[in-house]
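Participant: Respectively, the protein sequence lines represent chains A and B. Each residue of the first sequence is one higher than the one before, counting from 27 in our numbering. Each residue of the second sequence is one higher than the one before, counting from 22 in our numbering. Once you've had a glance at the structure underneath, I'll fire off some questions.
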Amino acid sequence: MRLARRFSAGYAEEEGVSPVGTTETVATTTNLKTRFEAGRSGADIRSDLRVIFEPRHAGAIEIELQSRVAPYYGDSIRAQAQGVLAELGIDHARIAIQDEGALPFVIAARIEAAVRRAGLGQGLRALPQSVPLPPPSARDRLRRSRLYLPGSEPKYFINAGLHAPDAIILDLEDAVHPAEKDAARILVRNALRAVDFGAAERMVRINQLPLGYEDLEEVVPEAPDLVLIPKVEHAEQILAVEERVKEIAARCQIDRPIWPMAILESALGIENALAIAGASERMVAMSIGLEDYTADLGVVKTAEGRESIYARTRLVNAAHAAHIQASDSVYSDVGDLEGLGRWAESARALGFEGMGCVHPLQIPVIHQAFAPAQADIEKALKIVAAFEEAQQRGLGVVSLGSKMIDPPVVQRALKLVERARQMGLLRSGKTSTTESLDTT
Amino acid sequence: MTNGFELVTNAAGRVVPAEVNGRKQVAFPGVGKHQPQGSKAAPPIHSAGDYPANGDKRVPDLEIALRKCGLRDGMTISNHHHLRDGDAVALMALETAARMGIRDLMWFPSASFPAQAAVIELMEAGVVHHIEGSMNGPLGDYCSQGKMRGMGVLRSHGGRWQAIQDGEVHIDIAVIAAPTADAFGNATGSLGKSACGSLGFALADSMYADHVIVVTDNLVPFPCVPWQIQGNNVDYVVEVPSIGDPAKIVSGTTQITRSPDRLKIAEHVARFIRDVGIMRDGFSFQAGAGGIALAFVDYLRCMMKEAGVKARFVRGGSTRYLVELLREGLADYILDGQTFDLAGVESMARDPRHIATSPFTSYNYNGKGFFNQLVDVVVLGATEVDTHFNANVVTHSDGRLLHGIGGWQNCLFAGCTILAVPSFRDRIPVIVDEVTTLTGPGEMIDVVATERGIAINPLRQDLLDRVKGSPLPIRRIEDIQREVERICGGKPQRPRLGQNPVAVVKWVDGTVLDTVWQAVF
Numbered sequence: 027m028r029l030a031r032r033f034s035a036g037y038a039e040e041e042g043v044s045p046v047g048t049t050e051t052v053a054t055t056t057n058l059k060t061r062f063e064a065g066r067s068g069a070d071i072r073s074d075l076r077v078i079f080e081p082r083h084a085g086a087i088e089i090e091l092q093s094r095v096a097p098y099y100g101d102s103i104r105a106q107a108q109g110v111l112a113e114l115g116i117d118h119a120r121i122a123i124q125d126e127g128a129l130p131f132v133i134a135a136r137i138e139a140a141v142r143r144a145g146l147g148q149g150l151r152a153l154p155q156s157v158p159l160p161p162p163s164a165r166d167r168l169r170r171s172r173l174y175l176p177g178s179e180p181k182y183f184i185n186a187g188l189h190a191p192d193a194i195i196l197d198l199e200d201a202v203h204p205a206e207k208d209a210a211r212i213l214v215r216n217a218l219r220a221v222d223f224g225a226a227e228r229m230v231r232i233n234q235l236p237l238g239y240e241d242l243e244e245v246v247p248e249a250p251d252l253v254l255i256p257k258v259e260h261a262e263q264i265l266a267v268e269e270r271v272k273e274i275a276a277r278c279q280i281d282r283p284i285w286p287m288a289i290l291e292s293a294l295g296i297e298n299a300l301a302i303a304g305a306s307e308r309m310v311a312m313s314i315g316l317e318d319y320t321a322d323l324g325v326v327k328t329a330e331g332r333e334s335i336y337a338r339t340r341l342v343n344a345a346h347a348a349h350i351q352a353s354d355s356v357y358s359d360v361g362d363l364e365g366l367g368r369w370a371e372s373a374r375a376l377g378f379e380g381m382g383c384v385h386p387l388q389i390p391v392i393h394q395a396f397a398p399a400q401a402d403i404e405k406a407l408k409i410v411a412a413f414e415e416a417q418q419r420g421l422g423v424v425s426l427g428s429k430m431i432d433p434p435v436v437q438r439a440l441k442l443v444e445r446a447r448q449m450g451l452l453r454s455g456k457t458s459t460t461e462s463l464d465t466t
Numbered sequence: 022m023t024n025g026f027e028l029v030t031n032a033a034g035r036v037v038p039a040e041v042n043g044r045k046q047v048a049f050p051g052v053g054k055h056q057p058q059g060s061k062a063a064p065p066i067h068s069a070g071d072y073p074a075n076g077d078k079r080v081p082d083l084e085i086a087l088r089k090c091g092l093r094d095g096m097t098i099s100n101h102h103h104l105r106d107g108d109a110v111a112l113m114a115l116e117t118a119a120r121m122g123i124r125d126l127m128w129f130p131s132a133s134f135p136a137q138a139a140v141i142e143l144m145e146a147g148v149v150h151h152i153e154g155s156m157n158g159p160l161g162d163y164c165s166q167g168k169m170r171g172m173g174v175l176r177s178h179g180g181r182w183q184a185i186q187d188g189e190v191h192i193d194i195a196v197i198a199a200p201t202a203d204a205f206g207n208a209t210g211s212l213g214k215s216a217c218g219s220l221g222f223a224l225a226d227s228m229y230a231d232h233v234i235v236v237t238d239n240l241v242p243f244p245c246v247p248w249q250i251q252g253n254n255v256d257y258v259v260e261v262p263s264i265g266d267p268a269k270i271v272s273g274t275t276q277i278t279r280s281p282d283r284l285k286i287a288e289h290v291a292r293f294i295r296d297v298g299i300m301r302d303g304f305s306f307q308a309g310a311g312g313i314a315l316a317f318v319d320y321l322r323c324m325m326k327e328a329g330v331k332a333r334f335v336r337g338g339s340t341r342y343l344v345e346l347l348r349e350g351l352a353d354y355i356l357d358g359q360t361f362d363l364a365g366v367e368s369m370a371r372d373p374r375h376i377a378t379s380p381f382t383s384y385n386y387n388g389k390g391f392f393n394q395l396v397d398v399v400v401l402g403a404t405e406v407d408t409h410f411n412a413n414v415v416t417h418s419d420g421r422l423l424h425g426i427g428g429w430q431n432c433l434f435a436g437c438t439i440l441a442v443p444s445f446r447d448r449i450p451v452i453v454d455e456v457t458t459l460t461g462p463g464e465m466i467d468v469v470a471t472e473r474g475i476a477i478n479p480l481r482q483d484l485l486d487r488v489k490g491s492p493l494p495i496r497r498i499e500d501i502q503r504e505v506e507r508i509c510g511g512k513p514q515r516p517r518l519g520q521n522p523v524a525v526v527k528w529v530d531g532t533v534l535d536t537v538w539q540a541v542f
């Protein structure tokens, strides 16, 4: 009975008519949509699959499988499809799978998406086997590079961590077609659970509210380290997301931080940068989206970026005023690594601590650009050593040779040494301090 | 006896037929264990008195040439594959034989290409009995399905020379496509509109075949130099409008992969070679034209520049990336086996340091050594490798023929052999418990480099010692296997293989290393 009710509700939703809710309705609506699809297949598709789901009211589960890996994982795929359907409460259906070598977490996500598109499996999830969660993410961790991964392209997820970005972003917003939002959020949820992203911070970019709420429902239970909020113009948007994250995290007993990070993408957002940066104590970073920002201004986005200097410096200033990290936009010309290097170096000079990337090849270039120069590290180490010596001897004044060192210079040196340590740029034995930078 | 085949188990534990295409075989007895006997084969002695006194060996067309060579049923016709997928001469020869009503030929190419899929029709029609040589694509499927009347024999480039030299394969008529030739039969691959670089794969055919026909679309007055093929071995010269499609003979440019995962593998390989100290002044290496191999050369080139290190020679498959090394003074010589792109062809034609080599000098095991033994490090691909470092390069994991052995087995004799492979392809793990088809014994394979880490063969304690303290991701091969099986959702099923042998894999000394079984489609 339960199945029958859901069944008819699903049809009604698909066809945009009001639900009637009887088994008789099902019997008389067989000319309505009966096939529900998710995922992609084809000669040029890899690591994905196309699922065609046809709910039935008798005849148990019938599976039709075409797969380029059938000789190796055919049995496994069939067994998994059976299991996923059972978890979603489907007892009778025909399911056709055209598989292009998808991994199990993708298979589960695509079947679940097809079932949900049929209006079935509501409130149920078919979760893949999980990998251990990485350690919780620290508020001030390195965020030099954050690699965007389109939320509907599983092939990019699998090895993303191997390229050692500081963060990966599973993107549910601009990289996902509006018609694929539902399926992408299931896929991203499964990826958070089943993919080992190495030491990378696991970020998810949600859609603008209210659609973003649906994203949060799906992904927060899998404890992402950070939620990227797009097109922020007011502090209230941060608070709304934070509130919902807190609520879901409490419900799911997640006791590790899920940091909010804002992306400012409009003139109004930039003007409100300070309020946004200080919207919440949990805010860790703020970034700028230059495509939308330049569109808002009606100017052309150039490789030099002069048109966005005001916005970028204002964002940097606001971020520093609120003691959070400022992160730059992406450099979208993947073929031009030299241009990227120049851009990243100027971003660092402006006070940014990192930027987005759209291809793994950009990561080492960005890391190099955001690394302090060896001479600066040496100098900072000397200042830190002098500072520590002064502390030990109970001196209030730090001096290096005959020169007195001002407190802000000491602060900057401490911060630089700590960053250099995180980046692995200190030769062993040279690091002597990781203590708090608080000096009151 | 299974279906008329007597099967024996060789030293690698593989079940192999005792007889192939009517010839008794020696089962692989272990690396370096087989002792060849007797003398080399030789063609009949000819007399200059039987050839035109003015040296003009031209005949009007290929049919006349074949007729004059005495083509008849059951003979063996050979071709080389330097024109790759652009070759028109092999089909020209076989189709001419078909028109002449000839049957049951053995086709003996140095490799076959998809453009030659029409040979399937010639096999169906009875013109060709079977193929001994690499088969892939449609030809590979045809053989894998057990439709070929004889058994396929897969040999390395060096093994092909060995088989010809040792008389295991007797070539009745060699039909040699020549981008440039003179009327005496001297031929070169370096020049002409269909230039392909080296003609090394045709050298044995020209020396050992009973009859040799040179087919060219660029006839020049004597002398055609450098005479990679010597007219003194040639019976007839045939001029044709075109020997092939230049666009498919060499690629305009070879491209480095942009796949970040493959680049990561290439980077691992280059760093390994540097960090274990193989990259030092006067060293040598081999790299092919695959995406990973090209990228590896590019990484290594930067590291060589940074360290001020120069190679004595590089072994190609040449591409523009090797040519750049030569031009930048980062290598003294390119010893080239085949030429993959235009830059390689032009370099060989103009630069005396870019040397065309044959499988005799580079690869032939049944000789007094071969120069690939002198190469410090080679970077190769594989379809599968097992936890004992045994590798498969000829079949898909389900047993279907995928590609030929090429120089792969011969390269295993280098100082350090590195397989550069992704840890899985389309969910199919590359590191397996047991390879489907054994192509290279694990004792010959030193390193498996994947995007997830580098595994060193425990037999190479010296390499293990040299990477101690290195930041390279050195891992046990079993660890990489386990991680990949977790990602892929468990160990793959063992694909079902048929009961009938459809081809054998020869080792470099002519012994039988493994069997390719009829695939279950």
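Just so it is clear, CB atoms sit at the ideal spot from N, CA and C, and this is done for glycine as well.
Helix, strand or coil for A:Ala53 per DSSP?
Facilitator: Here residue 53 of chain A refers to the residue found at position 27 when the first sequence is read from its first residue. A caution first: A:Ala53 carries a pLDDT of 42, below 50, which makes its placement in the model too unreliable to give a value.
Participant: Can you tell me whether B:Asp530 is buried or exposed? The criterion is at least 16 other CB atoms within 10 Å of its CB, across all chains shown.
Facilitator: For the purposes of this step, residue 530 of chain B is identified with residue 509 of the second sequence, where counting begins at 1. By the 10 Å Cβ count, B:Asp530 comes out buried.
Participant: Could you name the residues of chain A that B:Asn500 contacts, counting a contact when the two beta carbons are closer than 8 Å?
Facilitator: As a working note, residue 500 of chain B is residue 479 in the second sequence. The question names Asn, yet the displayed sequence has Asp at residue 500 of chain B. Simply none; closest approach about 14 Å.
Participant: So is B:Asp282 in contact with chain A if we call contact Cβ pairs under 7 Å?
Facilitator: As a first step, residue 282 of chain B is located in the second sequence; it is residue number 261 there, counting from the start. Interface residue, yes.
Participant: Does the distance from the C-beta atom of A:Gly383 to that of A:Leu173 stay below 7 Å?
Facilitator: Counting from 1 along the first sequence, the entry for residue 383 of chain A is found at position 357. Counting from 1 along the first sequence, the entry for residue 173 of chain A is found at position 147. Going by the sequence as given, residue 383 of chain A is Cys instead of Gly. A contact, by the Cβ cut-off of 7 Å.
Participant: Return the residues of the region 173–197 of chain A that lie within a Cβ-Cβ distance of less than 8 Å from chain B, sorted by chain order.
Facilitator: Ile184, Asn185, Leu188 and His189
Participant: Less than 6 Å between C-beta atoms, sequence neighbours within five positions excluded: which residues of the same chain meet that for B:Gly463?
Facilitator: As a first step, residue 463 of chain B is located in the second sequence; it is residue number 442 there, counting from the start. Closer than 6 Å at the Cβ level, and outside the excluded window around B:Gly463, lie His409, Phe410 and Asn411.
Participant: Using the rule of at least 16 other Cβ atoms within 10 Å of the residue's Cβ for burial, across every protein chain shown, is A:Met381 buried or exposed?
Facilitator: Here residue 381 of chain A is taken as the residue at index 355 of the first sequence, counted from 1. Looking at its Cβ environment, which holds 16 or more other Cβ atoms inside 10 Å, A:Met381 is buried.
Participant: How big is the Cα-Cα spacing for B:Arg446 and A:Val95?
Facilitator: For the purposes of this step, residue 446 of chain B is identified with residue 425 of the second sequence, where counting begins at 1. For the purposes of this step, residue 95 of chain A is identified with residue 69 of the first sequence, where counting begins at 1. If I take the Cα positions, the gap works out to 10 Å.
Participant: Any C-beta of chain B within less than 8 Å: which residues of the region 91–113 of chain A qualify?
Facilitator: Arg94, Val95, Pro97, Tyr98, Tyr99, Gly100, Asp101, Ser102 and Gln106
Participant: How is A:Ala406 classed by DSSP in three states: helix, strand or coil?
Facilitator: The sequence position of residue 406 of chain A within the first sequence is 380, counting from 1. Of the three classes helix, strand and coil, the one that applies to A:Ala406 here is helix, per DSSP.
Participant: So, at 6 Å on beta carbons, what are the nonlocal neighbours of A:Trp369 in its own chain, with the 5 sequence-adjacent residues on each side left out?
Facilitator: For the purposes of this step, residue 369 of chain A is taken as the residue at position 343 of the first sequence. Contacts found: Tyr357.
Participant: For a test of the three-state rule: what should DSSP assign to A:His118, helix, strand or coil?
Facilitator: Position 92 of the first sequence, counting from 1, holds the residue named residue 118 of chain A. Three-state DSSP puts A:His118 in coil, outside helix and strand.
Participant: Just the C-alpha distance for B:Pro244 and B:Thr237, rounded to the nearest angstrom, thanks.
Facilitator: Position 223 of the second sequence, counting from 1, holds the residue named residue 244 of chain B. Position 216 of the second sequence, counting from 1, holds the residue named residue 237 of chain B. Rounded to whole angstroms, B:Pro244 to B:Thr237 spans 15 Å at the Cα level.
Participant: For the region 441–462 of chain B, enumerate the residues whose C-beta is nearer than 7 Å to any C-beta of chain A, in chain order.
Facilitator: Asp447, Arg448 and Ile449
Participant: Which residues in chain A have a C-beta closer than 7 Å to the C-beta of B:Gly511? List them in chain order.
Facilitator: Translated into positions along the second sequence, residue 511 of chain B becomes position 490. Those are Ser102, listed as they occur along chain A.
Participant: Chain A partners of B:Asp419, CB-CB under 7 Å?
Facilitator: For this step, residue 419 of chain B is matched to residue 398 along the second sequence. Here the neighbours are Pro97.
Participant: Let me know the beta strand (DSSP E) ranges lying completely inside the region 72–122 of chain B, each 3 residues or longer, listed in chain order.
Facilitator: 97–100
Participant: Rounded to whole angstroms, how far is the Cβ of B:Val338 from the Cβ of B:Gln359, which I believe are closer than 8 Å?
Facilitator: By one-based count along the second sequence, residue 338 of chain B stands at place 317. By one-based count along the second sequence, residue 359 of chain B stands at place 338. First, the residue type needs correcting, since residue 338 of chain B is Gly and not Val in the sequence shown. At roughly 6 Å, the Cβ-Cβ gap stays under 8 Å, so B:Gly338 and B:Gln359 are in contact.
Participant: Consult DSSP for A:Arg143 and reduce its assignment to one of helix, strand or coil.
Facilitator: Looking up residue 143 of chain A in the first sequence gives position 117. Helix at A:Arg143.
Participant: For B:Arg497, which residues in chain A fall below 9 Å Cβ to Cβ?
Facilitator: Stepping through the second sequence from its first residue, residue 497 of chain B is reached at position 476. Here the premise fails: no neighbours, minimum Cβ distance about 18 Å.
Participant: CB B:Gly312 to CB B:Thr278, shorter than 7 Å?
Facilitator: Along the second sequence, one-based indexing puts residue 312 of chain B at 291. Along the second sequence, one-based indexing puts residue 278 of chain B at 257. The answer is yes: Cβ separation under 7 Å.
Participant: Quick one: grab the DSSP three-state call for A:Trp369.
Facilitator: Counting from 1 along the first sequence, the entry for residue 369 of chain A is found at position 343. DSSP places A:Trp369 in helix when its eight states are reduced to three.
Participant: Would you say B:Pro516 lies against chain A (beta-carbon separation less than 7 Å)?
Facilitator: As a working note, residue 516 of chain B is residue 495 in the second sequence. Closer than 7 Å to some Cβ of chain A, the Cβ of B:Pro516 qualifies, so yes.
Participant: Just verifying my parser: in three-state terms, what is the DSSP assignment at A:Thr339?
Facilitator: Here residue 339 of chain A is taken as the residue at index 313 of the first sequence, counted from 1. DSSP places A:Thr339 in helix when its eight states are reduced to three.
Participant: Which residues in the same chain as B:Arg301 place their Cβ atom closer than 7 Å to its Cβ, once the five residues preceding and following it in sequence are excluded?
Facilitator: Translated into the one-based positions of the second sequence, residue 301 of chain B becomes position 280. Counting only Cβ-Cβ distances below 7 Å, and skipping sequence neighbours, we find Val330.
Participant: B:Glu472 versus chain A: which residues are under 7 Å apart at the beta carbon?
Facilitator: Taking the first residue of the second sequence as position 1, residue 472 of chain B is located at position 451. By Cβ distance, chain A contributes Asn185 and Leu188.
Participant: Just checking my contact of B:Ser177 with B:Leu422 at CB under 8 Å: how many whole Å lie between their CB atoms?
Facilitator: Walking along the second sequence from the start, residue 177 of chain B turns up at place 156. Walking along the second sequence from the start, residue 422 of chain B turns up at place 401. Their Cβ separation, rounded to whole angstroms, is 15 Å, which puts B:Ser177 and B:Leu422 out of contact at 8 Å.
Participant: If distances are taken between C-alpha atoms only, which option among A:Ala135, A:His346 and A:Gly115 comes closest to A:Gly147?
Facilitator: The sequence position of residue 147 of chain A within the first sequence is 121, counting from 1. Taking only the C-alpha atoms, the option nearest A:Gly147 is A:Gly115.
Participant: Using the Cα positions of A:Ile389 and A:Ala186, report the straight-line distance between them to the nearest angstrom.
Facilitator: Taking the first residue of the first sequence as position 1, residue 389 of chain A is located at position 363. Taking the first residue of the first sequence as position 1, residue 186 of chain A is located at position 160. Using only the alpha carbons, I get a separation of about 11 Å.
Participant: Taking the alpha helix (DSSP H) that B:Ala287 belongs to, which residues open and close that run?
Facilitator: The count along the second sequence starts at 1 and reaches residue 287 of chain B at position 266. Boundaries of the alpha helix (DSSP H) around B:Ala287: Pro281 to Asp296.
Participant: Using a C-beta to C-beta distance shorter than 9 Å, which residues of chain A count as neighbours of B:Lys285?
Facilitator: Numbered from its first residue, the second sequence carries residue 285 of chain B at position 264. By Cβ distance, chain A contributes Asn185, Leu188, His189 and Pro386.
Participant: So if I threshold CB-CB distances at 7 Å, which residues from the region 344–368 of chain A count as touching chain B?
Facilitator: Taking 7 Å as the Cβ-Cβ cut-off against chain B, none of the residues of the region 344–368 of chain A qualify.
Participant: Short of 8 Å Cβ to Cβ, which residues in the region 127–149 of chain A face chain B?
Facilitator: Gly127, Ala128, Leu129 and Pro130
Participant: Report yes if the CB atom of A:Val541 is closer than 7 Å to the CB atom of A:Pro286, and no otherwise.
Facilitator: Past the edges of chain A, shown from 27 to 466, lies residue 541 of chain A, and the structure says nothing about it.
Participant: For a cutoff of 7 Å on Cβ pairs, would you count B:Val318 as touching chain A?
Facilitator: Sequence index remark: in the second sequence, residue 318 of chain B carries index 297 (1-based). Chain A, which has no Cβ nearer than 7 Å to the Cβ of B:Val318, makes this no.
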